[in-house]
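**Student:** Structure incoming, see below.
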Amino acid sequence: MNEHDDDPVVEALEASLKQPFVLADRYSDIVRIRPKSGGTFSVVFKAMDRSTRKSVLLKFYHDANGGHDLYRITKFQQEPEMMKGLLGQRRCVQLVDDLAKHPVSIMVSGKSSVIQLDYFVIDWLDVDVMD
């Protein structure tokens, strides 16, 4: 079981991305990918990039422990910045789309609230880099 299973924010995120939704007028056919192990501070999805017709990975920041760890938030936000320096380099996962925000409606104490989740998009790899 993953630390994000049964998480109301992740459930709301998944619901907000269900077909026929197209994220950023570009990413469709969005399916959540569950990592083999926990300990992550992001939720990932496979999607189709409608502009290139290639699969991509959507990476959303979400800390199941509350999400207010400034160090982890900063590192997540720096990741696409670092990847910009690797654009065009061989054997490096490529940044497809820079950091953006996606609104997600959740229920808090019986009231609807909207939170903004940071995300960015990278190439989809058909191989497991851990192999």
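The opening residue of the sequence shown carries number 0 in numbering that gives the first Met the number 0; numbering runs sequentially from there.
Quick reminder that beta carbons are idealized off the backbone N, C-alpha and C, glycines included.
Which one of Arg89, Val113 and Asp97 has the shortest CA to CA distance from Val103?
**Tutor:** Selected option, being the one with the closest Cα: Val113.
**Student:** Would you mind giving the Cβ-Cβ distance between Val55 and Trp123, rounded to the nearest angstrom? I have them listed as a contact below 8 Å.
**Tutor:** Their Cβ separation, rounded to whole angstroms, is 5 Å, which keeps Val55 and Trp123 in contact under 8 Å.
**Student:** Let's see if you can read the secondary structure: which residues bound the alpha helix (DSSP H) around Phe75?
**Tutor:** Leu69 to Lys83 is the span of the alpha helix (DSSP H), which, as asked, contains Phe75.
**Student:** For Met82, which residues in the same chain have their Cβ closer than 6 Å to its Cβ, ignoring the five residues on either side in sequence?
**Tutor:** Same-chain partners within the cutoff: Leu94.
**Student:** On the DSSP bridge list, what partners appear for Gln115?
**Tutor:** Answer is Pro102, bridged to Gln115.
**Student:** My output table needs one value for Val43: the three-state DSSP class, helix, strand or coil.
**Tutor:** Here Val43 sits in strand by DSSP.
**Student:** Just the C-alpha distance for Pro18 and Glu78, rounded to the nearest angstrom, thanks.
**Tutor:** Rather than Pro, the amino acid found at residue 18 in this sequence is Gln. Answer to the nearest angstrom: the Cα atoms are 28 Å apart.
**Student:** Which same chain residues, not among the five before or five after Asp97, have their C-beta less than 7 Å away from its C-beta?
**Tutor:** The residues are Pro79 and Phe119.
**Student:** Given a cut-off of 8 Å on the beta-carbon distance, is the pair Asp62 and Arg71 in contact?
**Tutor:** Yes. Within cutoff.
**Student:** By DSSP's criteria, Phe59 is part of a beta bridge. Which residues make up the other side?
**Tutor:** Beta-bridge pairing links Phe59 to Val42 and Tyr118.
**Student:** Three-state secondary structure (DSSP) at Met0?
**Tutor:** Residue confidence for Met0 is low, a pLDDT of 47 falling below 50, so the modelled location carries little weight and cannot support an answer.
**Student:** Taking the alpha-carbon of Pro7 as reference, which of Gly87, Gly65 and Cys91 has the nearest alpha-carbon?
**Tutor:** Nearest C-alpha to Pro7: Gly65.
**Student:** Would you identify the three-state DSSP class for Val9, choosing helix, strand or coil?
**Tutor:** Three-state DSSP puts Val9 in a helix.
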